[in-house]
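Chemist: To start, I am sharing the structure in question, which I have written as structure tokens.
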Amino acid sequence: MIRVKINPELLRWARERSGIAQEILAEKFKKLPDWEEGEAQPTLKQVEAFARTVHVPIGYLFLTDPPQESIPIPDFRTIAGKAVRRPSPNLLDTIYTCQERQSWYRDFVLVTRQPKLDFVGSVTVEVPHEIVAQAMRKKLGFDLAAHQECPSWEKALRLFIDQAEEAGILVMVSGIVMSNTSRQLDPEEFRGFALSDPFAPLIFVNSNDTKAAQMFTLAHELAHVWLGESALSDLGVEPSLGSQREEVWCNAVAAELLVPLAALQSELQRQDEEPLPELLCRLAHTFKVSKLVILRRLFDAKWINRDIFDSELKQQVERLKEHVKAGGGNFYRTTLARVGHRFAHALVMSTLEGQTLYRDAFRMLGVKKTETFNKLGHEVGVMR
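Every letter in the sequence shown is one number past the one before it in full-length UniProt numbering, and letter 306, counting from 1, is 306.
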């Protein structure tokens with residue numbers, strides 16, 4: 001039995017990076033504590049299994065020292081004004097996966113001679129957020145009345161996603177890494193990100209958040225696309241949230257896009273002295289956004305003061321922590337949501353035409369069977 005020499009520091013680094021407790025890993029790797037102390041050495045098969053379990057490239061474990069990993073896009077996430085801890089393997093792998101998909105789609109757009117998207121990078125933070133929100137509404141065909149008429153937040157979100165994709169933006173919504181249900185994405189770590197590109201802008205939304213929260217995430221990341229900047233966000237509705245000016249501006253644009261101040265003031269005139277809890281419920285249902293967004297807009301409209309805003313915000317955040325994501329749903333529609341209808345349509349078409357290998361298409365779609373691929377082709381209208 002061949003043993004391999006691994007720097008114990010790398011084993012500790014890989015374990016801590018994974019976020020999996022040593023006690024849990026030790027159930028599968030009995031000698032892990034001894035490996036980390038340098039008192040024993042694993043076999044090559046054990047190293048391979050360990051690397052798969054902690055989601056680290058096996059080559060990293062043969063380095064002299066732990067690598068310095070960094071997020072490949074601007075990171076605007078903060079907690080109490082401070083930078084967030086190092087990224088999890090799930091977050092990094094999700095970004096890398098989306099970058100690969102975006103790169104493929106960009107080549108597809110160039111080969112098929114599709115034009116640049118003129119709205120990407122068309123504004124700066126110097127432009128008033130009301131003007132940008134109006135321009136976005138026009139480009140997306142975001143009709144407030146149609147949005148409000150949706151019977152549920154889920155339907156409203158689906159409509160919003162379809163409008164963004166129709167404009168040329170890749171929108172991917174998932175709560176797991178690729179199709180691995182054991183690798184859940186934590187909304188406490190990130191809620192979404194934008195990968196800006198004039199030919200293939202991409203937005204990723206963490207579906208382990210509420211539907212209402214996903215709505216705001218999509219709107220926020222759309223604002224980043226209009227800025228022409230890639231960004232990783234954890235978001236928040238506070239008017240002065242974050243040390244980055246871009247995040248504060250994108251929050252303001254998103255809030256105005258989803259809940260225009262003029263429309264809100266019109267709603268507020270309908271009833272006098274409506275209790276705040278009832279007001280939040282009614283307006284959240286009307287605009288199909290979270291109560292947090294409504295709370296922020298009430299503050300913007302000077303309907304409530306800062307003390308009431310801060311107190312109610314704290315209560316709402318605590319309630320949201322109790323939210324449990326519901327699973328299930330149609331497998332193929334869920335898969336399409338994870339990669340986006342626009343991306344899946346282009347990839348299936350390119351594969352059937354022989355421009356892309358089935359192997360590569362399967363990997364980027366996160367599927368393993370030809371039958372599944374063909375079914376997705378039917379779902380996006382490429383195959384009859």
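Cβ coordinates follow ideal geometry from the N, Cα and C atoms, glycine included.
Looking at C-alpha atoms only, which residue of W104, H220, H129 and P115 is the closest neighbour of F160?
Modeler: H220
Chemist: Given a cut-off of 8 Å on the beta-carbon distance, is the pair L185 and T94 in contact?
Modeler: Cβ atoms of L185 and T94: closer than 8 Å.
Chemist: Quick one: give me the first and last residue of the beta strand (DSSP E) that S18 is part of.
Modeler: No beta strand (DSSP E) contains S18, which is instead part of the alpha helix (DSSP H) from P8 to S18.
Chemist: Nearest by alpha-carbon distance to E247: which of E278, L264 and V225 is it?
Modeler: V225
Chemist: Within its chain, find whatever has a CB closer than 7 Å to the CB of G340; leave out the 5 residues flanking it on each side and keep chain order.
Modeler: E165, L170, V171 and M172
Chemist: Is the region 85–92 close to the region 7–25, with three or more CB pairs under 8 Å?
Modeler: Flag = yes, the region 85–92 and the region 7–25 touch.
Chemist: By alpha-carbon positions, which one of E256, D234, S70 and L44 ends up nearest to G59?
Modeler: L44
Chemist: Taking E154 as the reference, which of D310, Q22, L92 and H285 has the closest Cα?
Modeler: Residue H285 is the option with its Cα nearest to E154.
Chemist: Within 8 Å, do at least three Cβ pairs link the region 191–208 to the region 354–365?
Modeler: no
Chemist: Is it the case that the region 266–276 contacts the region 141–149, given that we only count it when at least three CB pairs across the two stretches are under 8 Å?
Modeler: no
Chemist: Tell me the rounded alpha-carbon separation between V54 and L32.
Modeler: 13 Å
Chemist: I'd like to check one pair, R319 with V259: are the Cβ atoms closer than 8 Å?
Modeler: no
Chemist: List in chain order: all unbroken beta strand (DSSP E) runs of 3+ residues lying wholly within the UniProt domain "IrrE N-terminal-like" (165–298).
Modeler: 170–174, 180–184, 192–195, 202–206 and 231–233
Chemist: Three or more C-beta pairs closer than 8 Å, one from the region 103–114 and one from the region 248–267: is that the case here?
Modeler: no
Chemist: Would you mind reading off the limits of the alpha helix (DSSP H) that contains A51?
Modeler: L44 to V54
Chemist: How many Å lie between E278 and K288 at the Cα?
Modeler: Taking the straight line from one Cα to the other gives about 15 Å.
Chemist: By DSSP's criteria, D75 is part of a beta bridge. Which residues make up the other side?
Modeler: Looking at the DSSP assignment, D75 forms a beta bridge with L232.
Chemist: Report back the beta-carbon spacing between L63 and V47 to the nearest angstrom; my notes put them in contact at under 8 Å.
Modeler: Contact between L63 and V47 is ruled out by a C-beta separation of about 13 Å, above the 8 Å threshold.
Chemist: Just the C-alpha distance for G175 and N206, rounded to the nearest angstrom, thanks.
Modeler: 5 Å
Chemist: Under 8 Å, do F331 and A231 count as touching if we go by C-beta distance?
Modeler: no
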